[in-house]
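Numbering (the working numbering), first residue to last: 54 to 301.
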């Protein structure tokens, strides 16, 4: 318990240093563009591939489990849409990105700590936390809605593809289910959740990387710890946000 409180205090102090205004805006914008490309654009391909397969598998599994003639076939499309919009494209996709993006951030900053590059910045009077961490947090939070939209679109496209394979459903009934009782707020809800998850991923991974002590082996340990902690915090935030935003 004492160790957890100590880490929480270190995290809050690090975020206090990181979330201030940049001293040189030109350098910040250059770093921001670089981080958006590295953390966001490079993740598009994995988001598209996973979303297509998950959308396809979800539709097939739902169709196989709906065997009662009392349940209309458009329920397959409706249920697939709700799963993708409410949970998969925000929470599950961010859990996947926590492994890819989070480990990348932790290992990058951790390597800079081990090789004493961060110490050199501090000796030159540079706020290393603000210089390294703020562009990562801002870049991921700015681009994560784009990844969510890609995931929603390709996930539903995967479900439409599955409807052409048969398995007890038709493309017409599936498309009707996609349109049935659609609530546009669910898209906003998923984007808001994903932005909060992006802050968790970027800030927690940066914390574990920034606080690395020891040699290169500790960089790998920090990367692993960041993925584990990100996953726990994302699931906790998912419960809280769902209760706050969807329940009345």
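C-beta: ideal position from N, C-alpha, C; glycine also. A quick note: this is a predicted structure, and the numbers were derived from the prediction, not measured.
Cβ separation of residue i and residue j, assumed to be a contact under 8 Å, to the nearest whole Å
i	j	result
residue 185	residue 162	6 Å
residue 89	residue 235	The Cβ separation is near 31 Å, so there is no contact.
residue 280	residue 156	6 Å
residue 67	residue 260	6 Å
residue 190	residue 252	6 Å
residue 291	residue 116	Not a contact, Cβ separation roughly 27 Å.
residue 204	residue 284	Not a contact, Cβ separation roughly 18 Å.
Burial state of residue i, where buried means 16 or more other Cβ atoms lie within 10 Å
i	result
residue 246	buried
residue 178	exposed
residue 73	exposed
residue 232	exposed
residue 87	exposed
residue 187	buried
residue 108	buried
residue 80	exposed
residue 141	buried
residue 215	buried
residue 82	exposed
residue 121	exposed
residue 176	exposed
residue 118	exposed
residue 227	buried
Spatial neighbours of residue i in its chain, beta-carbon cut-off 6 Å, leaving aside the 5 residues before and after
i	result
residue 266	none
residue 93	196
residue 294	246
residue 76	none
7 Å CB neighbourhood of residue i in its chain, flanking five on each side removed
i	result
residue 106	211
residue 229	127 and 130
residue 150	96 and 254
residue 158	189, 255, 258, 259 and 262
residue 153	96 and 99
residue 278	261
residue 264	63
Cutoff 8 Å; reference residue i; Cβ partners in own chain excluding five residues on either side
i	result
residue 136	111
residue 268	167
residue 224	213, 216 and 217
residue 198	244, 247 and 248
Alpha-carbon to alpha-carbon, residue j and residue i
i	j	result
residue 169	residue 202	39 Å
residue 35	residue 207	Not covered by the structure: residue 35. The range shown for the chain is 54 to 301.
residue 239	residue 300	13 Å
residue 61	residue 139	30 Å
residue 262	residue 213	42 Å
residue 147	residue 134	18 Å
residue 286	residue 200	20 Å
residue 70	residue 181	9 Å
residue 275	residue 174	21 Å
residue 218	residue 114	12 Å
residue 241	residue 209	17 Å
residue 172	residue 132	53 Å
residue 58	residue 289	18 Å
residue 221	residue 124	12 Å
residue 248	residue 164	27 Å
residue 55	residue 160	26 Å
residue 84	residue 102	28 Å
Any non-hydrogen atom of the ligand COA closer than 7 Å to residue i Cβ
i	result
residue 230	Absence of the ligand COA is noted for the structure shown, with no ligands found whatsoever.
Residue-chain proximity (residue i, chain B), Cβ-Cβ < 8 Å
i	result
residue 171	Of the protein chains in the structure, only one exists, and it is not chain B.
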